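A.B. asks: As given, the protein sequences belong to chains A and B, one line each in that order. At position 190 of the first sequence (counting the first as 1) the number is 190 in this note's numbering, and the numbers step up by one without a gap. Position in the second sequence (first residue = 1) + 230 = this note's numbering. From the three backbone atoms N, C-alpha and C, an ideal C-beta is built for every residue, glycine too. Predicted, not measured: the structure shown is a model, and the values here were computed from it.
There are 2 protein chains.
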Amino acid sequence: MGTLVGRGHCLTCPIRPQSLFGCLEHDELSLIEDFQTRVVTYDAGEVVYSEGERLNLIYTLRQGFVKLTRFNSEGEAQIVRIVKPGDLFGYEKLVVDSNYRHTAEALGHVELCQLSVERLKELREQSSAINQAIIERALQQVMKTEEHLTHVSLLKSKARVAWFVLDWVAEQDSAPMPLSRRELGQYLGLTVETVSRHFAELKRLNQISEKQGVLSVLDRDALEELSGVL
Amino acid sequence: MGTLVGRGHCLTCPIRPQSLFGCLEHDELSLIEDFQTRVVTYDAGEVVYSEGERLNLIYTLRQGFVKLTRFNSEGEAQIVRIVKPGDLFGYEKLVVDSNYRHTAEALGHVELCQLSVERLKELREQSSAINQAIIERALQQVMKTEEHLTHVSLLKSKARVAWFVLDWVAEQDSAPMPLSRRELGQYLGLTVETVSRHFAELKRLNQISEKQGVLSVLDRDALEELSGVL
DNA sequence: CGCAGGGTTGACTAAGTTCAACAGTGGTGG
DNA sequence: CCACCACTGTTGAACTTAGTCAACCCTGCG
C-alpha cells in the first residue's frame with residue numbers, strides 16, 4: 001500500500017513553508033540539510049495507517065486530503081479530523097510508547113511525506129523552534145477539536161451543515177469537496193439522509209452550488225446566519 | 231478574585247509527581263530549585279480566567295475541580311474539559327500571542343498554583359524533559375477531546391450518561407460529584423431534564439447512587455453494557 | 001445489459017427538547 | 001425562629017427534530 005515516489009529534501013521542499021519545518025529561520029536551516037524523507041502517494045480509499053499500528057512514522061500531507069477516523073464498539077465511524085495540505089498527522093507517535101489512535105485514509109489521490117519519529121526527536125534536541133512548532137500544532141489541534149465538539153454538541157443539523165460549508169471553504173468562495181455525503185455525516189454526527197436533505201435545501205435556495213466535486217458558496221451571509229456564528 | 235495563600239516551592243510540592251514537573255529526574259531537579267509560584271484559592275463559582283484575557287499565567291490544579299467552558303453566539307455553554315488535580319490548564323498561553331480560549335470556573339473550593347508563562351518558557355530551553363512533558367500533555371488532551379467528541383456525536387443520551395459515570399469514577403467505585411445537572415448537560419450535550427431523567431432511572435435500577443455529593447457505581451457491568459464501551 | 005454504490009426524497013418513528021408544574025433545600029431578613 | 005425567596009432537581013405531557021426504512025434515480029463498470 002502506498003507508492004514510493006522518491007526521497008524528499010526538506011531544504012528544497014516546495015511546501016516547507018507550510019510544514020513543520022517552516023518554523024526554522026535561516027540560520028537553522030542547516031539542521032535539516034540532510035533530513036531525508038520518503039515521499040509516497042496513495043489512491044482514493046487507501047489506508048495510510050490504522051489504529052494501533054506500530055510503525056514509527058509521522059506524516060506531512062503534501063497534496064490532497066486525508067480523513068482520520070475513530071470507530072466505536074458497534075463499528076460506527078466518527079471522522080475526527082480532515083487533514084489538509086501542509087498539516088502534520090500521526091503525531092500521537094510523539095507520545096512515548098503510543099500507537100496511532102486513528103485510521104488514516106486517503107480522500108482521493110494524495111501525496112505525503114514520511115518523517116521518522118526517531119529523527120524528529122533528535123531534531124527536537126537541537127532546535128527549540130521545532131519544539132515550539134510541535135507544541136503550537138498540538139495546541140491548535142486541541143482548539144480545532146474543541147470547536148468541532150462544540151458545534152456537534154450545540155448546533156442543530158442545519159446549522160452544522162452551514163457551519164461545515166463555511167469552515168471548509170474558509171476565506172475562499174469555493175473549494176474542492178472530496179467528502180461523500182456519508183463522510184460528511186460521519187464528520188458532523190448526522191445521517192447521510194439528513195446531510196443530503198440540507199445540502200439539497202441549500203442548493204434550492206441558491207446559497208451553495210456543487211459542480212464536479214467543487215463546492216461553492218453563493219450566499220455567505222445566509223450561511224452565516226444559519227450557522228449562528230455571527 | 232482568588233485568594234493568595236502563599237508561595238509554592240516546586241521542589242517540595244506534595245503534588246509535584248503528578249504535575250508537569252513530575253517528569254524531571256533527580257539530576258534535573260535543581261532546575262526548579264528556585265522556581266517559585268503563587269498558590270491561590272478560589273471558592274465555588276469564582277472565575278479563574280475568562281476567554282480572551284491577557285494575563286500570562288498557566289495553572290496547575292492542586293485541589294478540587296475546575297470546568298473549562300466555551301460559549302456560542304447564543305450564549306449557550308459547552309463544557310469542554312473538567313480539570314482534575316495535577317492537571318495543567320490555561321496552556322493555550324504557550325502559543326505565541328494567544329489568549330485564553332475558555333472560561334475557567336471553580337467547581338467548589340479549589341487550590342491552584344500559578345506558573346508564569348515566561349519562566350516556563352525559560353525552563354523549556356533548559357530541559358528537554360519539560361518539552362516532552364508539555365507535548366505529551368497536549369497530545370493527551372487532543373485524544374481526550376476526540377473521545378469526548380466521539381461520545382457526544384455517536385452515543386444516545388442514556389449511553390452518554392452511563393459513559394460519563396464510568397469515566398468520572400474511573401477505576402474507583404465512587405467519587406465526589408461537583409457538577410450540577412445543568413453542568414452535566416453542558417458537558418454531555420444534553421438538557422438538564424434528560425440528564426435528570428437518566429440519573430433517576432440509573433438510581434431506580436440500583437446501578438448508581440448519590441449521597442452528599444458522592445457518586446457511586448453499584449453495577450459496573452450494567453453501566454458498561456449501557457455505554458456500549460464493552 | 002444488469003448490477004452496485006452513492007445520492008435523493010417521502011412517510012413514519014423514536015428520541016430528546018421544550019414547556020410547565022411542583023418538590024426540596026439553603027440562605028436572608030424581618 | 002420562621003417566612004419567604006431563589007435555585008436546583010424532578011416529573012409529566014406536548015412537540016420538534018433527526019433517525020429509520022423504503023423506494024427510486026443516476027452513474028459507472030464489468
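1) Can you check whether the C-beta of M177(A) is within less than 8 Å of a C-beta belonging to chain B?
2) To the nearest angstrom, report how far apart V169(A) and G2(A) are at their CA atoms.
3) Quick check on DSSP: helix, strand or coil for L11(A)?
4) 8 Å is my cut-off, CB to CB: does I134(A) come that close to chain B?
5) Is the shortest distance between the beta-carbon of H120(A) and the beta-carbons of chain B less than 8 Å?
6) Answer yes or no: the CB of S346(B) versus the heavy atoms of the ligand SAM, is any distance below 7 Å?
7) Which residue wins for smallest C-alpha separation from T267(B), given the options E258(B), L414(B), E276(B) and R246(B)?
8) In chain B, which residues lie less than 8 Å from Y42(A) when you measure between Cβ atoms?
9) Answer yes or no: do L149(A) and E224(A) have a C-beta to C-beta separation smaller than 8 Å?
10) Once you ignore the five residues that flank A363(B) on each side, which residues in its own chain have a CB closer than 7 Å to its CB?
11) From what residue to what residue does the alpha helix (DSSP H) around Q362(B) run?
12) From the DSSP output, in three-state form, read off Y289(B) for me.
13) Considering just the uninterrupted stretch of the alpha helix (DSSP H) at E171(A), what are its terminal residues?
14) Measuring only between beta-carbons, confirm whether G316(B) sits less than 8 Å from chain A.
15) Does T242(B) pass the burial test, meaning 16 or more other C-beta atoms within 10 Å, or should it be called exposed?
16) Distance, Cα to Cα, I130(A) vs N286(B)?
17) Using the rule of at least 16 other Cβ atoms within 10 Å of the residue's Cβ for burial, across every protein chain shown, is P408(B) buried or exposed?
18) I want to see whether chain B comes within less than 8 Å of H76(A), judged by CB atoms only; does it?
19) Taking CB distances under 8 Å as the criterion, tell me whether S358(B) reaches chain A.
20) Does the separation of the CB atoms of G228(A) and E304(B) fall below 8 Å?
21) Any C-beta of chain B sitting closer than 8 Å to the C-beta of S50(A)?
22) Report the neighbours of H148(A) on chain B: residues whose CB is nearer than 8 Å to its CB, in chain order.
23) Taking the Cβ atom as the reference point for each residue, do S153(A) and T194(A) lie within a distance shorter than 8 Å?
24) Helix, strand or coil, according to DSSP, for P199(A) in the structure here?
25) Name the chain B residues whose beta carbon is nearer than 7 Å to that of L123(A)?
26) Take Q356(B) and list the residues in its own chain whose beta-carbon comes closer than 7 Å to its own, dropping the five residues that flank it on each side.
27) Roughly how many whole angstroms lie between the Cα atoms of A274(B) and R292(B)?
28) Pair every Cβ in the region 294-314 of chain B with every Cβ in the region 140-149 of chain A, then say whether three or more of these pairs are closer than 8 Å.
29) What is the residue span of the alpha helix (DSSP H) that S227(A) lies within?
30) Return the first residue and the last residue of the alpha helix (DSSP H) that L184(A) is part of.
31) Whose Cβ in chain B lies nearer than 7 Å to the Cβ of E111(A)?
32) Report the residues of the region 424-444 of chain B with a CB closer than 9 Å to any CB of chain A, ordered along the chain.
33) Under a three-way DSSP split, which group does R331(B) fall into?
34) Throw me the rounded Cβ distance for the G294(B) and E341(B) pair, which I believe falls under 8 Å.
35) Under the rule that 16 or more other beta-carbon atoms within 10 Å means buried, what is L420(B), buried or exposed?
36) Starting from Y42(A), follow the beta strand (DSSP E) in both directions and report where the run begins and ends.
C.D. replies: Let me lay it out:
1) Under the Cβ criterion of 8 Å, M177(A) is not counted among the residues facing chain B.
2) Looking at the two C-alpha atoms, the distance is approximately 28 Å.
3) Annotated three-state conformation of L11(A) is helix, per DSSP.
4) Taking Cβ atoms only, chain B reaches closer than 8 Å to I134(A), which makes this a yes.
5) The residue you asked about is not His; residue 120(A) is Leu in the sequence shown. Taking 8 Å as the CB threshold, L120(A) stays off the interface with chain B.
6) Questions concerning the ligand SAM fall outside what the structure shown contains, since it holds no ligand whatsoever.
7) For T267(B), the closest C-alpha among the options E258(B), L414(B), E276(B) and R246(B) is that of R246(B).
8) Contact of Y42(A) with chain B by beta-carbon distance below 8 Å is absent, the smallest such distance being about 23 Å.
9) Their beta carbons are not under 8 Å apart, which means L149(A) does not touch E224(A) by this criterion.
10) Within the same chain, L250 and C253 come within 7 Å of A363(B) by CB-CB distance, once the 5 residues on both sides are set aside.
11) Unbroken alpha helix (DSSP H) run through Q362(B): S358 to L384.
12) Residue state, collapsed to three classes: strand.
13) Here E171(A) belongs to no alpha helix (DSSP H), and DSSP marks it neither H nor E.
14) For G316(B), no Cβ of chain A is located within less than 8 Å of the residue's own Cβ.
15) Counting Cβ neighbours within 10 Å, T242(B) comes out exposed, since fewer than 16 surround it.
16) A direct Cα-to-Cα measurement between I130(A) and N286(B) gives close to 22 Å.
17) P408(B) counts as buried, since at least 16 other C-beta atoms from the protein chains shown sit within 10 angstroms of its C-beta.
18) A small fix is needed here, since residue 76(A) is Glu in this sequence, not His. Flagged as an interface residue toward chain B: E76(A), by a C-beta distance shorter than 8 Å.
19) True, the Cβ-Cβ gap to chain A drops below 8 Å.
20) Yes.
21) Not flagged as an interface residue toward chain B: S50(A), since no C-beta distance is shorter than 8 Å.
22) Within chain B, the residues placing a beta-carbon under 8 Å from that of H148(A) are L379, ordered along the chain.
23) In this structure, S153(A) keeps its C-beta atom at 8 Å or more from the C-beta atom of T194(A).
24) As written in the sequence, residue 199(A) is Phe, which differs from the Pro given in the question. Helix.
25) For L123(A), no chain B residue has a Cβ inside 7 Å of its Cβ, as the nearest lies near 12 Å away.
26) Only L261 meet the Cβ criterion.
27) Approximately 15 Å between the Cα atoms of the pair.
28) The count of Cβ pairs closer than 8 Å, one atom from the region 294-314 of chain B and one from the region 140-149 of chain A, reaches three, so the stretches are in contact.
29) S227(A) -> alpha helix (DSSP H) spans R220 to S227.
30) Counting along the chain, L184(A) sits inside the alpha helix (DSSP H) bounded by residues R181 to L188.
31) Taking a Cβ-Cβ cut-off of 7 Å, E111(A) has no neighbours in chain B, whose nearest Cβ is about 25 Å from it.
32) Cβ contacts with chain A come from no residue of the region 424-444 of chain B.
33) Here R331(B) carries a coil assignment [DSSP, helix/strand/coil].
34) Right, the Cβ-Cβ distance comes to about 6 Å (below 8 Å), so this counts as a contact.
35) Buried.
36) Its beta strand (DSSP E) spans residues Q36 to Y42.
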